[in-house]
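Below is one structure, written out as structure tokens, with a few remarks after it.
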Amino acid sequence: MRKPMLAVLAVAATLVAGLVTVASTSNAAGSVQTLFGGERPANTVRDSDPNSVELGLRFSASQAGSIRGIRMYRAQGMTQQHAVSLWTASGTRLASATVPAATAVGWQGVNFATPVALTKGTVYVASYHTAEGYPAESNYFAAGPVERGMLISAATDPTRNGVYTYGTTSVMPSSSYRSTNYFIDVRFVPSGTTPPPTTTRPTATTTTPPGTTTPPVTTTPPVTTTPPPSGTYVQPGTQGYRGSMSALTTYSAANGRAPSGCSWNQTYKYLDCTSTVLNLDHVYVQGGIYWRGCGDLNITQSVIDWYPSKTWHNIQAACQQPSAGAAYTIRNTTLQTSPSVTTYTGGSDIGGLNEYTGSVPMLVYNSLIQGFPQGLDPGRNSIIKDTEIYTQNAQCSGEICHSDGLFSQGGDNITYQGNYISVQFGIPAYATAAVFYQSSPGSTGNRLIGNYLSGGAYTLRNESSNGLDVIDNTFAGGVYGDYYLKPGASWGEWSGNVQLDGSPVTG
Numbered sequence: 182m183r184k185p186m187l188a189v190l191a192v193a194a195t196l197v198a199g200l201v202t203v204a205s206t207s208n209a210a211g212s213v214q215t216l217f218g219g220e221r222p223a224n225t226v227r228d229s230d231p232n233s234v235e236l237g238l239r240f241s242a243s244q245a246g247s248i249r250g251i252r253m254y255r256a257q258g259m260t261q262q263h264a265v266s267l268w269t270a271s272g273t274r275l276a277s278a279t280v281p282a283a284t285a286v287g288w289q290g291v292n293f294a295t296p297v298a299l300t301k302g303t304v305y306v307a308s309y310h311t312a313e314g315y316p317a318e319s320n321y322f323a324a325g326p327v328e329r330g331m332l333i334s335a336a337t338d339p340t341r342n343g344v345y346t347y348g349t350t351s352v353m354p355s356s357s358y359r360s361t362n363y364f365i366d367v368r369f370v371p372s373g374t375t376p377p378p379t380t381t382r383p384t385a386t387t388t389t390p391p392g393t394t395t396p397p398v399t400t401t402p403p404v405t406t407t408p409p410p411s412g413t414y415v416q417p418g419t420q421g422y423r424g425s426m427s428a429l430t431t432y433s434a435a436n437g438r439a440p441s442g443c444s445w446n447q448t449y450k451y452l453d454c455t456s457t458v459l460n461l462d463h464v465y466v467q468g469g470i471y472w473r474g475c476g477d478l479n480i481t482q483s484v485i486d487w488y489p490s491k492t493w494h495n496i497q498a499a500c501q502q503p504s505a506g507a508a509y510t511i512r513n514t515t516l517q518t519s520p521s522v523t524t525y526t527g528g529s530d531i532g533g534l535n536e537y538t539g540s541v542p543m544l545v546y547n548s549l550i551q552g553f554p555q556g557l558d559p560g561r562n563s564i565i566k567d568t569e570i571y572t573q574n575a576q577c578s579g580e581i582c583h584s585d586g587l588f589s590q591g592g593d594n595i596t597y598q599g600n601y602i603s604v605q606f607g608i609p610a611y612a613t614a615a616v617f618y619q620s621s622p623g624s625t626g627n628r629l630i631g632n633y634l635s636g637g638a639y640t641l642r643n644e645s646s647n648g649l650d651v652i653d654n655t656f657a658g659g660v661y662g663d664y665y666l667k668p669g670a671s672w673g674e675w676s677g678n679v680q681l682d683g684s685p686v687t688g
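Given below as structure tokens:
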């Protein structure tokens, strides 16, 4: 079951800044609960679909309660009022209201005139009607339903969590396309609890339900959010291990199983490996890896989870004299801190894979790295391609760690291409960036091509790389600006870089 990324991806903290939200969305018992909390779409610019469409979310609750209202994410460019509705799974409208017109980007909600009672375990649909485009994130539900508090997106069929139906009038949406999330949410209160008062006067207005005549349904699905034309980067929820967990061999301190050449450190709950070459395929390691070998590391189609380790690393390649030509290759793999870990307590400046010397190339493709203060710290000749990276706040000796998506401490010929990198906004650490080139002034041959870059004090920070090529990247915002260039470092080719709205970022 897919949990929301709030605890694991720094996307949660990264994306929550500046949102327009309804009153309390805490999921503690006795308060109003929502499914998506402070999340926002990967791209907050609306899809400019010219057709009128009803967009919805199928959901249920693990406890009886009531729906006080519905909220929707207003993407950039959406300014009109929107009719929202709550439906039974069979298409009976239970309540409706109107979200007033607004221009601010973010969550906007409205309460019903009267809360609607919900039955435990029963599927309902929350929806809104739009003729001005909408936010959309394809493959959001591909890994399974989302669960938060007592709310869960409809669990019986993940592809139908997000639904739509085209038409000029409001009808219950029922079609689905590519497990897309249209960012509609509910305000739920469990039975036997009293929600806190809203901090603003409710703006709900009772409306007469539109006619129920079903218009012709086009066979073309709604257009999902596409990246700006500046480059092709992977979308959230598409990379890493995407198969069934049951297809993986589980290694843990609890079950005592270990790959050949490895054994469990039962005190600190990590896998201690001594083999010269370490090959891992279709494995689920619970506790991280300390590898002493000096040859190649190959990990494919696997999940390596730091939890419940008590060490400072997830994967530590500890060899001090690597073999000539050694490389660390990771494909279609998830490196993570477990969703149950809300604050990482491992080492400072440590990512999903840490290499001791900085001389062995990391070759990482189509993978997911989430939940650490750093994504990766690649050395020379590394390639990080088509990978999702989300950092998480962490405590280092009682202070907030630096947080960087890709953190190069020197090295030539490093390529970052087609990645989706999101780090937390506003961490009070001077060096925070989505991509950071630090130390070893004079490194050359480095390239940053076609990536999505979000968060950090400056989204891109170049302190050390000379002639750094920055091409076709999308800058989604940092606290102080898009980039920082330290005297002594320099750009090479700078072209095709844009912000989310398509406006150019000039070097």
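If you read the sequence shown in the working numbering, its first letter stands for residue 182, the second for the next number, and so on. Glycine included, each C-beta is placed from N, C-alpha and C at the ideal position.
Quick one, which of S277, T303, G418, Y315 has its alpha-carbon nearest E569's?
-> G418
Below 8 Å CB to CB, which residues in the same chain sit around I652 once its five sequence neighbours on both sides are set aside?
-> G412, R628, L629, I630, G631, E674, W675, S676, G677, N678
Rounded to whole angstroms, what's the CA-CA distance from D462 to L275? Just pull it up for me.
-> 50 Å
Three or more C-beta pairs below 8 Å linking the stretch 258 to 268 and the stretch 217 to 224 = no
Under a Cβ-count criterion, where at least 16 other Cβ atoms within 10 Å of its own Cβ denotes burial, should N600 be classed as buried or exposed?
-> buried
Quick one: what does DSSP say A223 is sitting in, helix, strand or coil?
-> coil
Can you tell me the Cα-Cα spacing of M426 and R239, whole angstroms?
-> 25 Å
Assuming Q598 contacts Y571 (C-beta within less than 8 Å), just tell me the rounded distance between them.
-> In fact, because the Cβ distance is near 18 Å, the residues do not count as touching under 8 Å.
Alpha carbon of S319 to alpha carbon of V415, nearest angstrom = 11 Å
From the DSSP output, which residues share a beta bridge with G250?
-> N292, R368
Whole-number beta carbon distance between D558 and G532, since they are thought to touch under 8 Å = 6 Å
Since G329 sits in a beta bridge, which residues does DSSP pair it with?
-> This sequence places Arg at residue 329; Gly is not what is there. According to DSSP, which records beta bridges pairwise, R329 is partnered with L332.
When DSSP labels each residue in this structure, what does M543 get in the three-state scheme?
-> strand
Assess, as a yes-or-no matter, whether the stretch 284 to 293 is touched by the stretch 343 to 353 under the definition of 3 or more beta carbon pairs within less than 8 Å.
-> no
Check each candidate in L429, R473, Q501 and name the one with the smallest Cα separation from T514.
-> L429
Return helix, strand or coil for V197, following the three-state DSSP convention.
-> Because the pLDDT at V197 is just 26, under 50, the model does not fix this residue reliably, and the value given afterwards should be weighed accordingly. Here V197 sits in helix by DSSP.
Residue span of the beta strand (DSSP E) that contains I602, given as start and end = 601 to 603
Just confirm the distance between the C-beta atoms of G648 and A615, as a whole number of angstroms; I'd bet it's less than 8 Å.
-> Between A615 and G648 the Cβ distance is about 20 Å, and since that is not below 8 Å, they are no contact.
What did DSSP end up calling A615 once you bin it into helix, strand or coil?
-> strand
So, is N362 buried or exposed, given that buried needs 16 or more other C-beta atoms within 10 angstroms?
-> buried
Same chain, Cβ closer than 7 Å to S645, neighbours up to 5 away in sequence not counted = G591, Y618, Q619, S620, S621, P622, S624, A670
Pairwise C-alpha distance: S490 and Y451 = 6 Å
CB D516 to CB I470, shorter than 7 Å?
-> Residue identity differs from the one stated: residue 516 is Leu in this sequence, not Asp. Going by C-beta atoms, L516 is not nearer than 7 Å to I470.
Identity of the residue in N654, R561, L299, Y305 nearest S372 by Cα = L299
For S427, does the three-state DSSP call read helix, strand or coil?
-> helix
Count the other CB atoms within 10 Å of the CB of Q502; is the residue buried (16 or more) or exposed (fewer)?
-> exposed
Nearest-angstrom Cα separation, counted from S334 out to A312 = 25 Å
What is the DSSP secondary structure of R628, counted as helix, strand or coil?
-> strand
Which term fits T655, buried or exposed, when burial requires 16 or more other beta carbons within 10 angstroms of its beta carbon?
-> buried
Separation of G314 from T407, as counted between CA atoms | With a pLDDT of only 36 at T407, under 50, the local geometry of the prediction cannot be trusted, and the value read off the model is given with reservation. Their Cα atoms are separated by approximately 13 Å.
Is T349 buried or exposed, if buried means 16 or more other CB atoms sit within 10 Å of its CB?
-> exposed
Alpha carbon to alpha carbon, what distance is there between R359 and G442?
-> 42 Å
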